[in-house]
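When the sequence shown is numbered by this note's numbering, its final residue is 615 and no position is left out of the sequence of numbers.
Backbone N, C-alpha and C fix where the C-beta goes; we use that ideal spot for every residue, glycine too.
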Amino acid sequence: MSEVTAVPLRPIAKGSLVKLWAGVAIILAAGVGTAYLGTRGQVAMAQSPEDFLKANGQRSGVITTASGLQYKVLEEGSGPKPGPNDIVLVDYDGKLVNGDSFDSSAKQGGPAPLPVSGGMIPGWSEGLQLMSKGAKYRFWMPPQLAFGEHGAGGKIPPNAVTIFDVTLHEIAPPQAMGGMGGGHGGGM
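This is the structure we're talking about:
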């Protein structure tokens with residue numbers, strides 16, 4: 428038979444319980460923070476477009492047009508604004524309200540030449556005509572000015588608010604670029 432040797436337990440050092448509970452509290456706080464960050468995007472997507480845009484429109488610097496397009500000037504440009512028949516050279520990044528990126532000019536190889544009107548979603552046509560060369564704007568487009576009830580490309584769900592950061596580099600009349608058009612303005 429084997430003998431069991433009794434080993435006396437050492438007393439807990441003074442302050443050890445406080446350190447233990449502090450460590451547990453830190454771990455719990457980190458877990459709650461991670462859970463919050465992980466669900467924040469889903470909560471934003473669950474919010475109706477109307478509720479999101481209403482709250483967003485109350486943020487500092489956000490302007491809402493008569494059509495419902497919202498924008499914020501991130502960097503002011505100078506000079507004339509493009510007209511509906513012009514072609515513009517832009518950098519853009521398109522995201523959903525949860526922060527998921529669905530398209531960008533960087534993914535397409537750099538600044539994109541796009542027609543201001545014709546082939547563009549209505550929010551792009553309206554927004555581009557607010558900008559001057561060198562300007563950077565953030566646009567929040569309600570579904571009716573973006574991809575509507577059908578969404579687009581499997582990346583944009585139906586009735587989604589879309590967010591675009593757009594930098595306008597150049598403005599040219601259509602003939603200056605050989606009538607190049609067919610832009611997608613964030614479309615797939």
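- Measuring C-alpha to C-alpha distances from GLN602 to each of PRO549, ILE514, VAL543 and TRP551 identifies ILE514 as the nearest.
- Burial is judged here by how many other beta carbons sit within 10 angstroms of a residue's own beta carbon; GLN497 has at least 16 and is buried.
- Apart from the 5 residues on each side of it in sequence, GLY510 sits with its Cβ closer than 8 angstroms to the Cβ of VAL543 and GLN556 in its chain, given in chain order.
- For PHE574, the secondary structure class from DSSP, reduced to helix, strand or coil, is coil.
- A buried status is given to GLY550, since no fewer than 16 other beta-carbon atoms sit within 10 Å of its beta-carbon.
- A residue is called buried when at least 16 other Cβ atoms come within 10 angstroms of its Cβ; GLU502 does not meet this threshold and is exposed.
- Scanning its chain for C-beta atoms nearer than 7 angstroms, with the 5 sequence neighbours on each side dropped, one finds around PRO538 the residues LEU516, VAL517, ASP518, SER532 and HIS596, in chain order.
- Rounded to the nearest angstrom, the gap between the Cα atoms of ASP527 and VAL588 is 12 angstroms.
- Two segments are said to touch when three or more pairs of C-beta atoms, one from each, lie closer than 8 angstroms; by this definition the region 439-457 does not touch the region 555-569.
- According to the DSSP assignment, SER531 belongs to no alpha helix (DSSP H) but to the beta strand (DSSP E) extending over 528-531.
- Per DSSP, LEU480 is not a residue of any beta strand (DSSP E); the alpha helix (DSSP H) it occupies stretches across 476-484.
- In the three-state scheme derived from DSSP, where H, G and I count as helix and E and B as strand, GLN497 is classed as strand.
- Under DSSP, GLU597 shares a beta bridge with LEU516.
- GLU576 places its beta carbon 8 angstroms or farther from that of PRO569.
- Rounded to whole angstroms, LYS441 and ASP520 show a C-alpha spacing of 56 angstroms.
- With respect to the C-alpha of ILE548, the residue from GLY450, ALA573 and ASP478 having the closest C-alpha is ALA573.
- Rounded to the nearest whole angstrom, the C-alpha separation of ALA493 and GLU553 is 11 angstroms.
- A direct Cα-Cα distance of roughly 13 angstroms separates ILE590 from VAL489.
- A direct Cα-Cα distance of roughly 10 angstroms separates PHE529 from GLY581.
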